[in-house]
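To start, the structure itself, in structure tokens.
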Amino acid sequence: MNEINNSILTLILLLPLAGALLVLLVPDRAKLPNWIALFTTLATFGLTLHLPAHFDKTQTGFHFVVNLQWIEKPAIFYHLGVDGLSLWLVVLVGLLAPIGVVASWNIIRERRKVFFALFLVQQTAMLGVFLSLDLILYYGFWELSLVPMAILIAMYGRKDGPRAALKFFLFTFIPSAPLLVAILWLYAKTGSFDFATLQLWIASGALPAGALWWVALTFLFAFSVKVPVFPLHGWLADTFSEAPVALAMVVAGKLGLYSMLRFHIGLFPAQARIVAPVLVGLAVVGILYGACLALVQRDFWRLMAFAALSHLSLITLGIYGLSLTGWEGAVYQILNHGVVDGALFLLLGLLYDRYRTSEINTYGGLAAKLPRTATFFVFASLAMIGLPMLGGFVGEFMILLGTFTGVSKGWAIVATLGVILGAAYMLWLVQRLFFGPESKLATSKPPDDLHVGQLAILWPLAALMLVMGLAPMLWLSTIQTGVHPPPRPRQAVTTQYPVFLQGGCAAAMYEAPQLVATPELAAKCESMEEGQR
Amino acid sequence: MLTAFYMFRLWYLAFMGTSRSPEVHPHESPWSMRGPLLILAALSICGGWIWLYGFSEFLAPVLGARATEASSWRLLIPYTQYSLSLETVLSIVAVLVALEGWLIADKFYRRKPARPAQWATAMPTGYKLLANKYFVDEFYGATVVKPLLGFSKVFLEWVVDVGILGGAAWLLGGIATFAGALLQRWQSGNLRSYAAWLAAGAAAVLLFLLVPWTTVLAYLAAIHLGVAGH
């Protein structure tokens, strides 16, 4: 068992890459690439399930750690590990991969080898981002995740792929270049790319504060574009309307949001605390802005893009509200958003493939023809809106609660307004697609509802949404080990710090929720920080 | 009474009289629907048999005993005065009032079916108000929905998203494409132009090496200081 625990992360990371090589080696015949991709992704998903099964919830910090020297000079380590923050995100990537393969099964008709090989490379890149604890390794995977995406958008775009791909690439690549410079600056000052070592260095106060501020801002900028945070969302709508379904469902959110928690707040707690009010404001603007624009979209891909902007902004609000409840809610909401978006994109992809249009007004009255599609779509929409008993409710509630008690009542109320608008645009979409008088489009093709393969994906997803709404502790108990202090602290500490912040400003950070709003508490935090130094 | 009236109106319109939509053929529901309906019907008959005070303590575990006590009828009708006759009288009155509602519905929708239309024409304002649900939907449509959609479409989408943010992105992409187009000319594959660039570069290096920069700078500084000195 120990040997498996030692090598499991490497296996998870390399299996999709091996699958990609295999896809490239076999001939493109009779859906062979599809099957290889499906088996690879299912096997990877199976391996990721090993992590929660053998995760020791009584221990905080990183589990299943691998730390091997890769290059001596500069000191780059092959350093992997998961903790409560990243554990379920790894499983989520594992879960979404087979869904992506099924969603592309009939849609990708030509150059299947290229598509599935790049899709699998993309999986490795995303898993690498969540697993890496060495900043150069992390940066490598971060960049790697852009390349297959841009190529696939350019190749498989619906109308104007290359233009959308260029936009996506420029938006996400340009902020990544300064990120590399910032990482190299840290190495030049400290001689290490290691996450924990850097955390200690930054907390020690030995690095020049002015430069550190810019480094932290560079990290934040790169992550904010990737999430995206308003007003950096320019790439999102075009990418959603052009990208193949399998990629659209994974492109937004997860990587950027996780990186914000781990590598921005985690590495630079003091700097994050200063910019937090700005991000809280931008997040709330993003929630309302996304929801308002989703209301007036005529194209369902663009509607989903602005809906995603709204939901991801809510998660950003949870993260930069700097409260433990908000962080837990944020991680939970990333999981939930992944599951719900996976289901919705699968269904919309099937509709698009069948009727060749994403113009919402040409649809209508499909419920009678495609009852299963309609039922699953309504179910997933309700989960997205945040109906109690479904997953979305738990995450949204925790984030809003954290904001209400920790940040400011006003922001929380305005953010809740965005949630209400969310119900409006989703239910209106459902109404226009599936109900009302039967459209010409609905009568133009014989009814052809979901098949076994799609049902085999959608039933478990629907069940998962229900379980996530009913028994959130199944996930939260592990997420808490990454956020909350351990129940019985092993060191005698007066203030309990969030565990992914071991730095000198952690005490200040823990008080931070209140600081965003009131200046007295900000002063108190400053003095605590001084005392710690 | 109004409840009895509108329920019997519904019943008369739905199940009595001649069919108003001859093109559809109603049929009896399957047992999957009839079964639950039967259970509910039986329960709705028994529901009225519950004793008047039967539920006065029901919410005590949630609301607290004092809350239920204060809000219960005991303040109005002391417990000691409770008697079966009171419940009987109240029940009979309730049934009579409901019967009255049924009779009105019966008159309007079975015996004199032209009457509702006459009333509607006799009181057009009131009828319009009721038929349009007090115009609440229209009110919200005009004050909330339309302005929000208009604002989102015109200001947020056209001005902010397409105009400002899209324009910035377009500029970004434009710079990249333009720079690419310029640099592309450089890589022309033309040997003579490469040789010219080479020569220009060599000239620049020579200039850099041969000119005594420190002397020049010192000279310039002296001029500057001399000017400042005046």
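Respectively, the protein sequence lines represent chains A and B.
Start counting at 1 in the first sequence, then tack on 1284, and there's your number in this note's numbering.
Start counting at 1 in the second sequence, then tack on 59, and there's your number in this note's numbering.
Don't be surprised by glycine CBs; every beta carbon is placed ideally from N, CA and C.
All figures in this text were calculated on a predicted structure; none of them were measured in a lab.
In whole angstroms, give me the CA-to-CA distance for A/Leu1298 and A/Asn1620.
If I take the Cα positions, the gap works out to 26 Å.
So, with DSSP's three-state summary, where would you put A/Tyr1647?
In the structure shown, A/Tyr1647 sits in coil (DSSP, three-state: anything other than H, G, I, E or B).
Spatial neighbours of A/Trp1497 within its chain, please: CB distance less than 6 Å, with the 5 preceding and 5 following residues excluded, ordered by chain position.
Closer than 6 Å at the Cβ level, and outside the excluded window around A/Trp1497, lie Gln1555.
Start and end of the beta strand (DSSP E) containing A/Gln1738?
Counting along the chain, A/Gln1738 falls outside any beta strand (DSSP E), though it belongs to the alpha helix (DSSP H) covering Val1736 to Leu1754.
List the residues of chain B whose Cβ lies closer than 8 Å to the Cβ of A/Lys1451, in chain order.
What A/Lys1451 touches in chain B: Ala228 and Gly232.
Between which two residues does the beta strand (DSSP E) harbouring A/Leu1363 extend?
The residue asked about is misnamed: residue 1363 of chain A is His in this sequence, not Leu. Where A/His1363 is concerned, the enclosing beta strand (DSSP E) stretches over Ile1360 to Val1366.
Quick one: what's got a C-beta closer than 6 Å to A/Val1349's C-beta in the same chain, skipping five residues either side?
Answer for A/Val1349: Gly1365, listed in chain order.
For A/Ser1665, does the three-state DSSP call read helix, strand or coil?
In this structure, A/Ser1665 counts as helix in the three-state DSSP scheme.
Residue ranges of each beta strand (DSSP E) run of no fewer than 3 residues wholly in the stretch 1300–1381 of chain A, ordered along the chain?
1347–1355 and 1360–1366, all fully within the stretch 1300–1381 of chain A.
How about A/Leu1380 and A/Met1533: do their beta carbons lie closer than 8 Å?
Their beta carbons are under 8 Å apart, which means A/Leu1380 touches A/Met1533 by this criterion.
Between which two residues does the alpha helix (DSSP H) harbouring B/Glu197 extend?
Counting along the chain, the alpha helix (DSSP H) containing B/Glu197 begins and ends at Val195 to Tyr199.
Which of helix, strand or coil does DSSP assign to A/Asp1732?
Three-state DSSP puts A/Asp1732 in coil, outside helix and strand.
Can you give the beta carbon distance from A/Ile1383 to A/Leu1335, rounded, assuming they're within the 8 Å contact cut?
Rounded, the Cβ-Cβ distance is 19 Å, inconsistent with contact.
Would you report the Cα separation of A/Ala1708 and A/Ala1359, rounded to the nearest angstrom?
Cα-Cα distance, rounded: 53 Å.
When burial is assigned at 16 or more other CB atoms within 10 Å of the CB, is B/Leu269 buried or exposed?
With fewer than 16 Cβ atoms within 10 Å of its Cβ, B/Leu269 is classed as exposed.
Let me check one thing: in DSSP terms, what residues is A/Ser1416 bridge-paired to?
In DSSP, A/Ser1416 forms a bridge with A/Leu1364.
In its own chain, which residues sit with a C-beta less than 6 Å from the C-beta of A/Phe1552, not counting the 5 before and 5 after it?
If we look at A/Phe1552 and ignore the five residues flanking it on each side, its Cβ neighbours are Ala1500.
For B/Tyr168 versus B/Leu72, is the C-beta spacing smaller than 8 Å?
Yes; because the gap between Cβ atoms is below 8 Å, this pair is in contact.
Using a Cβ cut-off of 8 Å (strictly closer), state whether A/Pro1515 contacts chain B.
So, interface residue.
Rounded to a whole number of angstroms, what is the C-alpha to C-alpha distance between A/Ala1521 and B/Leu231?
The alpha-carbon atoms of A/Ala1521 and B/Leu231 are separated by roughly 17 Å.
Say whether chain A places a C-beta atom closer than 8 Å to the C-beta of B/Glu216.
By this cut-off, B/Glu216 is an interface position.
For the alpha helix (DSSP H) holding B/Gln243, just list the boundary residues, first then last.
Run containing B/Gln243: Gly225 to Trp245, per the alpha helix (DSSP H) assignment.
Measure from the C-beta of B/Gly254 to each C-beta in chain A and report whether the shortest distance is under 8 Å.
Checking the sequence, you will find Ala at residue 254 of chain B rather than Gly. B/Ala254 does not count as touching chain A.
Which residues in chain A have a C-beta closer than 7 Å to the C-beta of B/Asp165? List them in chain order.
Neighbours of B/Asp165 on chain A: none; closest Cβ ~36 Å, over 7 Å.
To the nearest angstrom, report how far apart A/Asp1444 and A/Ser1525 are at their CA atoms.
Computed Cα separation, rounded: 10 Å.
Quick one: Cα of B/Thr273 to Cα of B/Asn249, how far?
The alpha-carbon atoms of B/Thr273 and B/Asn249 are separated by roughly 38 Å.
If you measure from the beta carbon of B/Asp220 to each beta carbon in chain A, is any gap under 8 Å?
By this cut-off, B/Asp220 is an interface position.
Determine the direct distance from the alpha carbon of A/Leu1705 to that of A/Val1568, and round the result to whole angstroms.
If I take the Cα positions, the gap works out to 13 Å.
Which bits of chain B does A/Leu1430 rub up against, with CB to CB less than 8 Å?
Going along chain B, no residue has its Cβ under 8 Å from A/Leu1430, so there is no contact; the nearest lies around 15 Å.
Does any residue of chain B bring its CB to less than 8 Å from the CB of A/Val1580?
Interface residue, yes.
Using the Cβ count rule (16 or more neighbours within 10 Å means buried), how would you classify A/Ser1597?
With 16 or more Cβ atoms within 10 Å of its Cβ, A/Ser1597 is classed as buried.
Spatial neighbours of B/Leu276 within its chain, please: C-beta separation below 7 Å, excluding the five flanking residues on both sides.
Nothing meets the Cβ criterion.
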